[in-house]
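Top line first, the protein sequences correspond to chains G and W. FYI, the numbering used here numbers position 139 of the first sequence as 139, with every residue one higher than the one before it. FYI, the numbering used here numbers position 154 of the second sequence as 154, with every residue one higher than the one before it. Ideal placement from N, C-alpha and C gives every residue a C-beta, glycine not left out. Because the structure is a prediction, the values reported are computed rather than measured. First up is the structure itself, then whatever we jot down about it.
2 protein chains.
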Amino acid sequence: MAKTAVKRKKSGAPSLDRILSAASALFTRKGFNGTSTRDIAGRAGVSLGNIYNYFGTKEEIFVSLLEKREKEYFDPGQPLIRALTSTAFPDNIEGLGFAARETVEKFSDYILLIYVDVVEFEARHVNKMFARMRQGYAAALKASPAGRGRIASDIDPAGALMMVTWNYFNYFIMEKLFKVKGHYGMADEQAVKLFARVFKRGILA
Amino acid sequence: MAKTAVKRKKSGAPSLDRILSAASALFTRKGFNGTSTRDIAGRAGVSLGNIYNYFGTKEEIFVSLLEKREKEYFDPGQPLIRALTSTAFPDNIEGLGFAARETVEKFSDYILLIYVDVVEFEARHVNKMFARMRQGYAAALKASPAGRGRIASDIDPAGALMMVTWNYFNYFIMEKLFKVKGHYGMADEQAVKLFARVFKRGILA
DNA sequence: CATATATGAACGAGCGTTCGTTCATAAAGA
DNA sequence: TCTTTATGAACGAACGCTCGTTCATATATG
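Below, the structure is given as structure tokens:
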């Protein structure tokens with residue numbers, strides 16, 4: 001009986017979590033339609049039919065993943081929020097750069113799931129999430145401590161913050177997810193510095 | 001006899017072009033695995049078996065599309081190259097912004113195909129293309145006319161140019177392909193101006 | 001014992017590719 | 001010049017397989 005119990009519960013994690021984890025690994029590598037429920041079941045160590053005890057359809061698995069990761073992405077402990085609440089913007093531009101790197105590392109699966117949604121579901125499941133982002137940035141600025149650097153009066157602070165973080169995000173996404181090593185012709189640390197330099201004082205001599 | 005001939009050759013465009021065009025429309029909306037050869041055949045107005053007179057496999061259709069679009073993307077007549085050769089960098093930052101918008105409009109299918117490749121083929125078919133890009137930017141800077149604005153001596157000109165154009169690209173990709181209208185809380189024209197302002201003189205007061 | 005979780009065979013549909021056939025046109029041969 | 005042969009584009013049926021989902025049954029748990 002103990003033997004059967006061990007066989008039944010692989011590694012202690014509940015089946016639902018194992019299904020989600022397996023699905024995430026596969027959706028991010030083959031897309032939604034390129035991933036079969038058999039692949040997911042096999043990877044999760046559950047039977048094919050058991051999947052339907054937890055999720056009504058394959059698409060429901062996908063949507064659950066997006067929701068789960070969105071929640072984690074907006075969690076206050078995530079790297080970007082930490083960088084914003086520990087140092088004032090725009091003093092912390094380099095810090096934001098490294099936080100963006102950490103975020104892309106940590107959420108690379110979520111980012112790829114977003115691309116899957118953009119293509120295979122015409123961005124149906126994710127466009128609301130992006131709309132929430134600007135509010136998130138504005139709120140983080142409010143909660144940010146006062147600092148030495150001042151933002152020029154003709155610049156929208158939330159806009160500037162979005163500009164900086166998106167720039168870093170996109171750099172690290174290219175390097176990591178698009179697999180383009182050194183696409184700026186320099187190492188990460190140098191690129192972080194270049195971007196910060198440009199954002200602080202501009203390109204003009 | 002004439003009747004039969006007409007029946008055999010639909011609409012004048014060669015079958016190959018119709019297959020590519022149909023495939024592009026479908027791959028960008030459902031992904032590679034989500035698109036069947038039957039879908040492509042139906043949309044192109046050819047028989048299912050006829051596809052294999054032109055392409056050995058479904059993947060070969062996909063790769064042909066990427067190659068075709070890549071060639072068009074790097075064509076000297078495309079909006080971004082035009083903006084760079086008509087006005088000096090960094091005088092033309094706003095111009096680059098509008099060129100980026102035009103480019104995203106014109107190549108939205110290509111951008112989506114790239115996402116398909118990143119996810120479903122682990123960026124296998126596109127990462128070389130990105131490596132080429134830096135060279136493209138450096139060459140465009142060389143060919144660019146001399147202007148009034150001068151780049152600060154501690155800033156890599158090609159790096160700055162990439163930073164500007166990627167920033168604008170990503171803005172317009174979000175707006176158009178991710179379907180997030182007004183994600184900076186302002187109209188396109190205002191966003192183009194804000195970005196140019198920040199890139200020229202920086203955020204600091 | 002009742003309930004919750006899990007299984008695996010089967011259903012009906014769809015998939016990428018192959019293959020034999022047809023047909024219009026071009027080329028070769030008499 | 002006319003007839004025969006060859007060619008390549010096009011077709012649609014079929015092959016062998018995979019797919020998402022259902023459902024009757026088995027097993028585990030409290």
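- Inter-segment contact for the stretch 42-56 of chain W and the stretch 103-118 of chain W is absent: fewer than three beta-carbon pairs are separated by less than 8 Å.
- At a cut-off of 8 Å between beta-carbon atoms, W/A88 makes no contact with chain G.
- If you check the CB distance, W/V63 and G/G31 do not come in under 8 Å.
- Counting only runs of 4+ residues, the alpha helix (DSSP H) found wholly inside the stretch 25-94 of chain W occupies 37-44, 58-73 and 79-86, in chain order.
- Non-local C-beta neighbours of W/D39 in its own chain, meaning closer than 7 Å and more than five positions away in sequence, comprise L26, ordered along the chain.
- G/L177 has its alpha-carbon roughly 12 Å from the corresponding atom of W/I114.
- With 16 or more other Cβ atoms from the protein chains shown falling within 10 Å of its own Cβ, W/T165 counts as buried.
- W/F74 is the residue among W/K58, W/T57 and W/F74 whose C-alpha sits nearest the C-alpha of W/A139.
- With a cutoff of 8 Å on beta-carbon distance, W/I19 and W/Y54 are scored as near each other.
- Excluding the 5 residues flanking it on each side, G/F169 has same chain C-beta neighbours closer than 6 Å at A100, in chain order.
- Ranking W/D188, W/L204, W/S108 and W/A22 by CA distance to the CA of W/F98 puts W/D188 first.
- Pairing G/R69 with W/E94, the inter-Cα distance amounts to about 36 Å.
- Contact with chain G is found for W/L204, since one of that chain's Cβ atoms lies less than 8 Å from the residue's Cβ.
- Counting only runs of 4+ residues, the alpha helix (DSSP H) found wholly inside the stretch 106-170 of chain W occupies 108-120 and 127-143, in chain order.
- For G/A88, the closest of G/A152, G/S36, G/K71 and G/S144 by C-alpha to C-alpha distance is G/S144.
- Across the stretch 117-131 of chain W, CB contacts with chain G closer than 8 Å involve V118, V119, E120, E122, A123, V126, N127, F130 and A131, in sequence order along the chain.
- Under the 10 Å beta carbon count, G/N92 is surrounded by 16 or more other beta carbons and is classified as buried.
- In its chain, beyond the 5 residues on either side, A100, R101 and V104 have a beta carbon closer than 7 Å to the beta carbon of W/F172.
- Contacts with chain W at 8 Å (Cβ-Cβ) include G/R150.
- For G/I203 against W/A160, the beta-carbon gap comes to about 5 Å, under 8 Å, which counts as contact.
- For W/L177, the residues of chain G that pass the 8 Å Cβ criterion are V118 and A123, in the order they occur in the chain.
- Annotation for W/L194: the continuous alpha helix (DSSP H) segment containing it runs D188 to R201.
- The beta-carbon of W/L194 is placed less than 8 Å from the nearest beta-carbon of chain G.
- Contact with chain G is found for W/I155, since one of that chain's Cβ atoms lies less than 8 Å from the residue's Cβ.
- Bridge partners of G/L204 according to DSSP: W/I151.
- Neighbours of W/V104 in chain G, taken as residues at a C-beta separation under 8 Å, are lacking, since the least C-beta distance is about 14 Å.
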